[in-house]
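For reference, the structure is listed below as structure tokens.
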Amino acid sequence: MPTQQNRSIESTSLRTHLCANLRASDVGSTVTVCGWVARRREHGEHLAFLDVRDYSGIVQCVVDNAVDVRSEWVVQITGKVQPRPDGTVNKNLSTGEIELSDCTITVLNAAEPPPFPIDARADDVDENVRLKYRYLDIRRERMQRNLRIRSKVNSAIRGAMEAQQFVEVETPFLMPSTPEGAREFLVPSRKEPGSFYALPQSPQLWKQLLMVAGIDRYYQIARCLRDEDLRADRQYEFMQLDAEMSFVTKDDVLAAISKAVVAAAEAVLGETPPTIEQITWRDAMNRFGVDKPDMRFGMELVELTAVFSSTEFKAFSSAACIKGIRVDATLYPEQAAYGRNKLDALTDRAKQIGAKGLVWMKVGEGLALDSPVAKFLSDAERASLVSSMGAQNGDLLLLVADEWATTCEVLGTLRNDLARPPVHEGPYKYVWVIDFPLFVGVNATTGKPQPGHHPFCQPHPDDIERLESDPMSVRALAYDLVLNGWELGSGSIRIHDPEMQRRVFRQLGISDEDADKRFGFFLQPFKYGAPPHGGFAFGTDRLVAILAGEENIREVIAFPKTQSGSDPMTNAPTPVNPAQLNELGIRLLPPPAKS
RNA sequence: GGUCCCGUGGUGAAGUUGGAGUUCACGCCGCCCUGUCAAGGCGGAGGUCGCGGGUUCGAGUCCCGUCGGGACCGCCA
């Protein structure tokens, strides 16, 4: 055993080397490894091979078949590194040229057979079983790799932020409830029964206060909690790089965040991504039909309103906006050849999203259009449509005529449904979506506009004069970062002027008194000299998943929850002792009656 | 709250028109085996077909409900 002084970083009091780091250059030396028995191959009374695994990988040990060690037993093995005999080298292993012989085996712990194989075959095992035995799942190479990528990303982000003089400040987990936005997790107060803390949806309020406080540049790799339904890219708990800067414009923020994202990608992939391009929200909607465009593939929306400006076809003549997408028969032969059933399913999908209908046309020989509605169009309209869309024989054209937003959203969804590759497939396409609208839609109960991002976003300076006269046309200094069609995060320049904040609140239907009541602790500080500031937050789980080649963030989280929010390993959430509830002043309602 | 898919020894699958808990691979246990590397050979154990109800002479299979898991819509300022 080495002494404390002369050890390599990976050696410990119990081992000299990691399994997979032994090489032909170590031949002749006596080494000690520790790990789990990955596999045992028996070859008669006095010969067996053990594959011993630690996080680095495996090494083969030659032992007497009499030794009693089995799958997943924890062993310490001291042996001599020797070259493998001619013809027995395994090129698939980093340690394939050598093996350990004359082994002394110490069983550190026996083990029951695992419920699933601790290797790539467990990729096919029911995820519920993997989560129930997550500590075994994580022994596998895939999870080891993913969690180490995650660590690298966090480290690279910290490095990039520190290099830009951002200061890491931790913010509270227990805070007042602010019911706007996502549903919060509540924590009952013991000392004030009937009162509750909320867990942070994000550190948004705190980081703006830190700007008032003169921190200048704040960051935190922060845990955020939202009690909303889970998805492949959403967990109750998730991590964000949260950042805020003083005395900046949008471009300063984008540049600072870009450095962190680029550093993370570099650390994982070993190559620098190209400069992140920008697209306005309106262009994104017009070209891709979504505010998180996947720009890895084409099939962009084509503007057709002018083509049908004087059409007699009623569904088109009454529509504010007509657009189409072209399913290229060369690139997407299967989709372009969809039969009636599939086309009906697409129509249902379009209606589900809010369209009145979906017009499909199949392009045939001589660029003739085969469609239930073709007969309602003039020859000139058909020809103009074909040329506008660049249609070729065999293509499928999908058209929607509706309000602008509906037309875009429906075609954008169909475009993704028909042609979007898995999120982790390269090439990685990062894009900043800028100039989001300040308000989106109308609150059903108040009839007032709703904030597009959050109520503290600075309106675009060119649009401020229309804040009262035409609020829905006002852009915000708000921006999203999108990677391969996944929203990584969003940010904005914030309002730092109390008067401007009041004007925006009024548009949202929040009176000055309401604002004081709901946001008082947050607005009060802004009277004491708030610097112009802005910031951003992006989800690191999503970034790690994509960089790790995973389609689901559960694969890059050590102990995630299932879609219903439970943990098969701990069984959380669980009922609690009535005494605990009493102490908190909480009485449970009877379970809802089942109808 | 909604739509769709899945649930069969420890794991993954197959199971026909409704006809005996049947089959395959891996794992597990035992025996054999001196150069394998997802070793190989022989033998064996292992099941409330998620659960409950219904139809039927008979249900893994059909119907209803329910639980669990997954994908999506709503939701996620």
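Okay, so the first sequence: first residue is 461 according to this note's numbering, each after it adds one. In this text, a Cβ means the ideal position worked out from N, Cα and C, and glycines have one as well. From a predicted model like this one, the values you see are computed outputs, not experimental measurements.
| Query | Result |
| --- | --- |
| C-alpha gap between Leu-1048 and Val-1036, whole angstroms | 11 Å |
| Contact check, Ala-658 vs Ser-637, beta carbons under 7 Å | yes |
| C-beta atoms of Trp-533 and Ala-570 nearer than 7 Å | yes |
| Cβ-based neighbour list, Ser-1055, same chain, cut-off 6 Å, excluding 5 preceding and 5 following | Below a pLDDT of 50, predicted positions are generally treated as unreliable, and Ser-1055, at 40, falls in that range; the measurement from the model is reported next regardless. Nothing listed; no residue qualifies. |
| Straight-line gap, Gln-420 to Arg-677 (C-alpha atoms, nearest Å) | Nothing can be reported for residue 420, as the shown portion of the chain is limited to 461 through 1055. |
| Glu-559 classed as buried or exposed, judged by whether at least 16 other C-beta atoms fall within 10 angstroms | buried |
| Simplified DSSP assignment, three categories, for Met-603 | helix |
| Contact set for Pro-543: own chain, Cβ-Cβ below 7 Å, skip 5 residues either direction | Ala-484, Val-487, Glu-557, Ile-558 |
| Residue interval of the beta strand (DSSP E) (run including Tyr-679) | 677 to 685 |
| Nearest-angstrom Cα separation, counted from Met-671 out to Leu-665 | 10 Å |
| Every unbroken beta strand (DSSP E) inside the region 610 to 691 [3 residues or more] | 646 to 648, 656 to 658, 677 to 685 |
| Whole-angstrom distance between Asp-930 and Thr-740, CA atom to CA atom | 20 Å |
| Spatial distance of Glu-572 from Leu-818 (CA atoms) | 58 Å |
| Proximity of Asp-855 and Arg-786 at Cβ, strictly below 7 Å | yes |
| Start-end ranges of the beta strand (DSSP E) lying completely within the region 554 to 598, minimum 3 residues | 558 to 569 |
| Spatial distance of Glu-697 from Glu-841 (CA atoms) | 53 Å |
| Terminal residues of the beta strand (DSSP E) in which Glu-505 lies | From DSSP, Glu-505 is part of no beta strand (DSSP E); its letter is neither H nor E. |
| Asn-481 to Gln-918 span [Cα, whole Å] | 54 Å |
| Inter-stretch contact (C-beta, 8 Å, three-pair minimum) for the region 640 to 649 and the region 683 to 691 | yes |
| Any 3 or more C-beta pairs closer than 8 Å across the region 822 to 832 and the region 764 to 776 | no |
| Ordered list of alpha helix (DSSP H) runs contained in the region 848 to 883, each at least 4 residues | 864 to 879 |
| Whole-number beta carbon distance between Leu-898 and Val-942, since they are thought to touch under 8 Å | Not quite, the Cβ-Cβ distance comes to about 20 Å (not below 8 Å), so this is no contact. |
| Integer-rounded CB distance, given that Gly-872 should sit under 8 Å from Lys-749 | First, the amino acid is wrong: residue 749 is Gly here, not Lys. That belief holds up - the Cβ atoms of Gly-749 and Gly-872 are roughly 2 Å apart, short of 8 Å. |
| Status (buried if at least 16 other CB within 10 Å, exposed otherwise) for Tyr-595 | exposed |
| Within 7 Å, strictly: CB atoms of Gln-680 and Asp-702 | yes |
| Where the alpha helix (DSSP H) through Trp-741 begins and ends | 741 to 748 |
| Nearest to Asp-441 (by Cα), restricted to the options Leu-927, Asp-524, Ala-498 | Absent from the model: residue 441. The displayed extent of the chain is 461 to 1055, so no value can be given. |
| Cut-off 7 Å between Cβ atoms - residues of its own chain near Ser-718, not counting five sequence neighbours on either side | Ile-736 |
| C-alpha gap between Ser-1026 and Leu-591, whole angstroms | 10 Å |
| CB contact flag (Ala-936, Phe-896, <7 Å) | yes |
| Spatial distance of Phe-986 from Lys-710 (CA atoms) | 20 Å |
| Lys-1054 - DSSP class collapsed to helix/strand/coil | In this prediction, Lys-1054 has a pLDDT of 46, which is less than 50 and means its spatial position is unreliable; nothing more can be read from the coordinates. |
| Alpha-carbon to alpha-carbon, Gly-995 and Ser-971 | 26 Å |
| Between the CA atoms of Ala-725 and Glu-628 - distance to the nearest angstrom | 21 Å |
| Distance, Gly-969 Cα to Leu-1041 Cα | 38 Å |
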